[in-house]
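Undergrad: Residue numbers (UniProt numbering), protein chains in the order written: chain A, 1 to 479; chain B, 1 to 479; chain C, 1 to 479; chain D, 1 to 479.
(1) Which first and last residues belong to the beta strand (DSSP E) in which residue 99 (chain A) is found?
(2) Whole angstroms is fine: what's the gap from residue 33 (chain B)'s alpha carbon to residue 318 (chain A)'s?
(3) Residue 345 (chain D) and residue 357 (chain D) - do their beta-carbons sit closer together than 8 Å?
(4) With 16 as the cutoff for other CB atoms within 10 Å, does residue 236 (chain D) come out buried or exposed?
(5) Who are the neighbours of residue 220 (chain A) on chain B, taking C-beta pairs under 7 Å?
(6) Which residues in the same chain have their Cβ closer than 6 Å to the Cβ of residue 508 (chain C), if we skip the five residues on either side of it in sequence?
(7) Does DSSP classify residue 155 (chain B) as helix, strand or coil?
(8) Shorter than 8 Å from the beta carbon of residue 197 (chain D) to some beta carbon of chain C?
(9) When burial is assigned at 16 or more other CB atoms within 10 Å of the CB, is residue 94 (chain D) buried or exposed?
(10) Would you report the Cα separation of residue 64 (chain A) and residue 266 (chain C), rounded to the nearest angstrom?
(11) State yes or no: is the beta carbon of residue 84 (chain B) nearer than 8 Å to at least one beta carbon in chain D?
(12) To the nearest whole angstrom, what separates the beta carbons of residue 272 (chain D) and residue 250 (chain D), a pair I think is in contact under 8 Å?
(13) How big is the Cα-Cα spacing for residue 379 (chain A) and residue 355 (chain A)?
(14) Starting from residue 302 (chain D), follow the alpha helix (DSSP H) in both directions and report where the run begins and ends.
(15) Measure the alpha-carbon distance for residue 212 (chain B) versus residue 336 (chain A) and round it to whole angstroms.
(16) Using 8 Å as the threshold, is the stretch 114 to 125 of chain C in touch with the stretch 40 to 55 of chain C, meaning 3 or more CB pairs across them?
(17) DSSP puts residue 15 (chain A) in a beta bridge; with which residues?
(18) Which residues in chain C have a C-beta closer than 7 Å to the C-beta of residue 393 (chain D)? List them in chain order.
(19) Closer than 7 Å, Cβ to Cβ, to anything on chain A: give me those residues from the stretch 133 to 163 of chain C, in chain order.
(20) Does the stretch 304 to 311 of chain B touch the stretch 328 to 335 of chain B, meaning 3 or more C-beta pairs lie closer than 8 Å?
(21) Going by DSSP, what residues sit across from residue 339 (chain B) in a beta bridge?
(22) At the 8 Å Cβ level, is residue 102 (chain B) part of the contact set with chain D, yes or no?
(23) From the DSSP output, which residues share a beta bridge with residue 236 (chain A)?
(24) Is there contact between the stretch 200 to 210 of chain B and the stretch 241 to 260 of chain B, where contact requires at least three CB pairs shorter than 8 Å?
(25) Going along chain B in order, which residues have a C-beta closer than 8 Å to the C-beta of residue 127 (chain D)?
(26) Does the stretch 218 to 233 of chain A come close enough to the stretch 37 to 45 of chain A that 3 or more CB-CB pairs lie under 8 Å?
(27) Report, in whole angstroms, the separation of the C-beta atoms of residue 306 (chain A) and residue 352 (chain A), which I expect to be a contact under 8 Å.
(28) Buried or exposed, going by whether 16 or more other CB atoms sit within 10 Å of the CB of residue 183 (chain C)?
(29) Just checking: is the beta-carbon of residue 7 (chain A) within a distance shorter than 8 Å of some beta-carbon in chain C?
(30) If you reduce the DSSP assignment to three classes, tell me which class residue 216 (chain D) lands in.
(31) In the DSSP assignment, find the unbroken beta strand (DSSP E) run with residue 95 (chain D) in it and report its ends.
Rendered as structure tokens:
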């Protein structure tokens, strides 16, 4: 039982660079700022005059490259890198990206963030035709499609393959003489392009990596776009024009780093506006505002400013939590031993607290934090969530593919309030969310994917269609 | 040049427990919450029916106990633990505490936080009489004094030894049948006593550890006090009555965790009050408040509330910074590559920023952060420091023993402002600091040690006297 | 330059088991006794009720399974394992076997010892048809051939694939319900079948593994044979009848462990007979016999007994040589610092020594050992080699694929003698070798492959044909 | 139950050097050849212009210095090193040598091989006078005695201290300007001096280290001698003249490397003579001779040559046995799984075997090897031991301090034969042993310590006297 760990997992982060003598090292620093997008494993693949080299392993980036020799050997002026999210399932170094393929007539590197909705059927068909996959990861499918395409040009093969896969994806491909970036037709996943002082081009899941490597943002990759980066610079092309922007709103709510900008909107600022809007929608009396660290601190700032209530550090997260192999036993946990989050009784005692969190998945975490605050002396705990109720699965890159685990798929707000032991529970409205983010676009839903709040999906679900429809019957929908 | 790391180092954290079957494991959890007090090394010593056992090593606690077997073997119902701060100097496992001594007629464990002012002369005298030290640490001296004391009782020996050493110290001693805690006559270092539900007694450098292990605070150890904890409970005794409370004010300003209480004052609340007071003393116009993460976030909250300016997340610290073996080369650093702290241009661009920090040591860090903010588009950066100018060394447990490295020992405020490139520079007044902390006491300076601000020392300096007086001549005093 | 390491590398060792609850652990012990066949990496794949699981990594077996959890998770009653030899080239975990493939309709594990002669052309053709290889190892080709075969039955696919590949190979395949062992049509590589007390069937590159796991030898796998092992026991089948026994004679001379039996002949006994025969062919006067440890000790015993000269321990190999990260610098080496092999001056001083070694590859090692013996006081050093002159490459599984590195491909015996600084040099005759081994068979060359001595190859060379013929022109043949 | 590991443990190996720029690295290579004398831990201490530096840790030398940086930092032209033997008891890095002490007025490094017989009483007295030991090792006592001596000169203090300790010892001491070697008055432990080509002086427990570092043997250190090595060369002095040579005969029988010379006698040659003498004392008929690897191979050579029986490799030791964390379970062991030693059925089947071993301690190992040979088909197994029956403890440096574990202290030869399941059992006679070794001396017992065979001790036993006399009553003496 790990109440501290969010049950939402991002499907990875990617970073690429073309044109710098320290390409692999800069990829390391870029990935370092994307570490929050994946902690299961990491890898970097470099391109030294057409020769691909790679190091990858399980663990945090700093563990994977604990021996600097593993980075030093990744010579060359271009590189791509990947951090992979942690799942309980098939943890194996074979699934750590970038993938690297060496053929008699060429080489191919590949890094992917997202989730394909027709992966199962594509893989089955490929295997029936003799394909052997080296991983259990869907990401590898694109390589097989490219190699089996009969299109005469390499970019023709790539476009054909990109049109075959469905779902949410941001792909980086490395071949001998170019780096290619591609985004799905809905732009579900973020992907931005930047430029360094020496002219090197960088691509990253988040713009926070640009700050770290000293690059300037040029623009975000557009839905349906394939971007070719080589010694001649950047070429923007489209593999499809049948596109509709639907950026994952959970990137703004929870995943992305506050200093990143997505589609021109700063994440911290969006969160602060969500907090302010939440304050306007909030109907209760309270003394202080307490954000759940770290993801809800921006929203708490916005809520406090809008409501006029003081913003207090009523919860403290241990800064040194990443890796410990010693955990409290169940018995010690019952005796009150907790390692990662503490309520500050000196702050909350005798107070009516508005506890700001970004989302509720299973409800377990929220229940524990409410309990912590009450044990520390809070007289009332009003839970205010900076996003609407999460009631439907995501098939485009967030690791929730069943409704079973979602408390809001199975309970009313009042039931949830009771389960988590709060004195009140307020979710942000969907309109409030869309307005707070405020992408400058005319696309529906303000250019956002809000499917997990509404249950209305932006695209056909392909391999997931059947099981999703079945799940709708099992779970009453409250939203 | 590591501008991100504070140049102030705390001299360690200690935790002890008597009366719980999981004593070593609870000590692990307690130390886990004290990790911010020392990252060079860690150790735990347990007492299994009179038999002392120990494991210690260099590195973070989680690294030292990466193999759970090393913790499992520390059986027994009592334990003491230690985290040691990082210095450039003599890094050796021999200096990692707790120390453990096995004699033909008994055993002794020892953990220490603080700095002795007569260590050099005591050590020299002991060695002249044949003593062999197993470490280069001053902490070991107490053990030699105890063993050489001719007092017939063990507690008599301990008291005699405590009266021989001078300076700042919080000591935990473990012998076969008791755990002993002792504090220096000024109470420079924090040390608190708590109790678990099962009756086990815990002692900790900070009360945040009590939250983590599920213990309740009983009271802080008093200056000059020696506390004996055994199967009969707690006995409070004094080894001296010549005491005067002078708690290290830097504990409130920077070292301690915001959720800890020292002498009845919550650290976060004290910091928020410092921020509010700083806002009152601040004389400039600005648009937003930005705290330097993580230590200055409370002060920023207080400043924002008092001033009415919005509190913004204009600086982001990478959460995954603890251990990386890959660092930017000087060349990459000049190209703008930085790993640990980013300015959020989406937040600060075009704004007049009040940058709140807790203190300035050498000025290097402040200059870099001001520069980051300006590069990110801030039009003005007003630096406001939540403490007075740090102009004198500390001899009681903070790792500043020379005036050379202190920018405020050598420059006026206006000079410092210019050096760090700020548009204005405001220090909190000493009175403002004392009022903001507000310990409930009649002792001078509100029961605080503010010697590093005033240059007037609470006690004789013994071995440091001569070099300190010389240093006064070298450095003009501005404060 | 590491003169102590033999330049001959075996292409791996395999071990498999069906029908024991501790299958993976027994595979570990089996591989442990095959460690001499490969030290670059190791892996074990288990079959738990049809579900394949695997752990593999670079390093010695004991390093790969340093964490026992990695072995414990390999549950199931069947397993295959592999140790891989060390090469300078492409050292990557991707090439460590067993390979494991998971399809939508089945699973496949694969371990291989040997070298395919048509691998390059097969791989190229497969890739042209869209195949993607997950390693740079030839061993993987068999899996692709099986998956692309249109034969309706699985065993039909396997036989078709085995008939497509050429060269030397011993393959172990694991699928859901069976373990399959296959040997090339010449039986170049050794492969034996054994049985445990509980009825479990084991397969191993060498019979020494049977001693270790407590199994009894049943029989060796025959050339062209495919053996199916499942819950019904053992089924022997042939995928081809076009066979001719040609066991690698270097297995007897150098690779195999002295306690193994190959084709009914004990390796130590064969070596002792080679030594005795060498003594009969030796024409010089000497005082003592000194074998180069460890591989030439048996031959030295045989030589001593036949010649009547005393067998002495005139050379000592450090027992703790496997892994050291500290090596003498060139300068220290010139000052006489040497780590792995010492000459015993107390034994050889003033003596005419017959130095017995198993083979000469580049001559560098022999020259150094002769020099060691002379520096230690030997008055004469007569080098006697327990095998004929190694003058041609091997394409069936020994890592010598060019003539450039072979001293005997480029020099006469007299020239070699001078190069290595010996007082005389005697090679065993080819007939003497064949007679000494003495397999009970009517096949040509006594059922042995002696191609690297004669240059007359047992099979067509396929992809190697062209480069081999070219090399013949470059190097004068003396043998 | 680990039948493969000898129950006899040597008390460490030491190596020192003065006058070479690569002092620490040469110490590494020297220790590398002494690794057989201790595998629990290792350390090296260097002297860089008077500044002592050290690295030590648990594990094999190659593990302790896995990170070359740990060796590189040991700069300076002088060094001492130590390998420590493995015991079940107090395994702690605190006990790993060399010890290093830093005083306000000097520094001291110390490495020790041997066992003191008055350690307990000396330690108690020192502690009563306030001494604090940093280890549980007796070796540290010398440092305390030196520091507490009132002799005005350092060498005077050292001599006084050496005269205070009793038992068997070879000490290396390092101070700012000299390296000191000292040997006990009986010369129980071996200690030799050599010289490198550049003039550097080396000291080593065994001469095999001289071969490895390219040094020439000068002479062995004499009993009661203290040797001072500094920039002026070597000075030989005596701290006592009350001496009598009694070299540990087990060094010749089992501990030392075959290529070492002790007191002018080559160890391999001595063992071969023991084997030959054993053949003369052997009264049975047999077909082949099989030595237990690796320690008994020399004796087997001698036995075979003297008896005319063929010497065969009937037992094989796995070369890769040093470190495995996976062991057969008891159940697997009963099923015949064994990892370290195999009998070669192809060699011993149907044969009457003379199994040569160097000694019998508990009998367990011998019983298992006899059983292995019989299971492999030997029709008779005649056990011939290259030393007399080991019936008494050693107090001078071998880890047998109680008679309980010695099978020969409790059983007659016939009983032992039956316990180990042999067809006959022959021990070498004590006179045979002394003659075979043949040191050129007039001292009693040929200058050898044979106390563990005779029970008549060369010196008073001090702290061990009482328990030894008691043990005599408990155990009937057969020898």
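Even glycine gets a Cβ: it sits at the ideal position worked out from N, Cα and C.
Note that the structure is a prediction, hence the values are computed from the model and not measured.
TA: According to the structure data:
(1) Taking the first chain and counting its residues from 1, one reaches residue 99 (chain A) at position 99. Its beta strand (DSSP E) spans residues 99 to 103.
(2) On the second chain, residue 33 (chain B) is found 33 positions in, with the first residue counted as 1. On the first chain, residue 318 (chain A) is found 318 positions in, with the first residue counted as 1. Whole-angstrom Cα-Cα distance: 7 Å.
(3) Here residue 357 (chain D) is taken as the residue at index 357 of the fourth chain, counted from 1. Here residue 345 (chain D) is taken as the residue at index 345 of the fourth chain, counted from 1. Not a contact, by the Cβ cut-off of 8 Å.
(4) By 1-based counting over the fourth chain, the position of residue 236 (chain D) is 236. With fewer than 16 Cβ atoms within 10 Å of its Cβ, residue 236 (chain D) is classed as exposed.
(5) As a first step, residue 220 (chain A) is located in the first chain; it is residue number 220 there, counting from the start. Here the premise fails: no neighbours, minimum Cβ distance about 14 Å.
(6) The shown model of chain C, from 1 to 479, leaves out residue 508 (chain C), and the question about it has no answer.
(7) Within the second chain, the letter at position 155 stands for residue 155 (chain B). Residue 155 (chain B): helix per DSSP, three-state reduction.
(8) Taking the fourth chain and counting its residues from 1, the one referred to as residue 197 (chain D) is at position 197. So, interface residue.
(9) As a position in the fourth chain, residue 94 (chain D) is number 94, starting the count at 1. So residue 94 (chain D) ends up on the buried side.
(10) Position 64 of the first chain holds residue 64 (chain A). Position 266 of the third chain holds residue 266 (chain C). Roughly 46 Å separates the two Cα atoms.
(11) For this step, residue 84 (chain B) is matched to residue 84 along the second chain. With 8 Å as the cut-off, residue 84 (chain B) does not count as an interface residue toward chain D.
(12) Indexing the fourth chain from 1 puts residue 272 (chain D) at position 272. Indexing the fourth chain from 1 puts residue 250 (chain D) at position 250. About 17 Å; that fails the 8 Å criterion.
(13) Reading the first chain from its first residue, position 379 is the one you call residue 379 (chain A). Reading the first chain from its first residue, position 355 is the one you call residue 355 (chain A). Taking the straight line from one Cα to the other gives about 12 Å.
(14) Counting from 1 along the fourth chain, the entry for residue 302 (chain D) is found at position 302. Looking at the DSSP string, the run of the alpha helix (DSSP H) that includes residue 302 (chain D) is 297 to 307.
(15) Here residue 212 (chain B) refers to the residue found at position 212 of the second chain. Here residue 336 (chain A) refers to the residue found at position 336 of the first chain. Their backbone Cα atoms lie some 7 Å apart in a straight line.
(16) no
(17) Locating residue 15 (chain A) in the first chain gives position 15, counting from the first residue. The partner list for residue 15 (chain A) (beta bridge, DSSP) reads A:81 and A:204.
(18) Start at 1 with the first residue of the fourth chain, and residue 393 (chain D) comes out as number 393. Simply none; closest approach about 28 Å.
(19) 134, 136, 143, 144, 147 and 148
(20) no
(21) Within the second chain, numbered from 1, the residue matching residue 339 (chain B) stands at position 339. The partner list for residue 339 (chain B) (beta bridge, DSSP) is empty, contrary to what the question assumes.
(22) For this step, residue 102 (chain B) is matched to residue 102 along the second chain. Closer than 8 Å to some Cβ of chain D, the Cβ of residue 102 (chain B) qualifies, so yes.
(23) What you label residue 236 (chain A) is simply residue 236 of the first chain in a count that begins at 1. As computed with DSSP, residue 236 (chain A) is found in a beta bridge with A:227.
(24) Result yes; three or more Cβ-Cβ pairs closer than 8 Å.
(25) As a working note, residue 127 (chain D) is residue 127 in the fourth chain. Within chain B, the residues placing a beta-carbon under 8 Å from that of residue 127 (chain D) are 103, 104, 105 and 147, ordered along the chain.
(26) no
(27) Mapped onto the first chain, residue 306 (chain A) falls at position 306. Mapped onto the first chain, residue 352 (chain A) falls at position 352. Not a contact, Cβ separation roughly 17 Å.
(28) Start at 1 with the first residue of the third chain, and residue 183 (chain C) comes out as number 183. Flag for residue 183 (chain C) reads buried.
(29) In the first chain, residue 7 (chain A) corresponds to position 7, counting from 1. Here residue 7 (chain A) scores only 49 on pLDDT, less than 50, and its place in the model should not be relied on; the value that follows carries that caveat. Answer no: the Cβ-Cβ gap between residue 7 (chain A) and chain C never drops below 8 Å.
(30) Position 216 of the fourth chain holds residue 216 (chain D). Strand.
(31) Looking up residue 95 (chain D) in the fourth chain gives position 95. For residue 95 (chain D), there is no enclosing beta strand (DSSP E), since its DSSP letter is neither H nor E.
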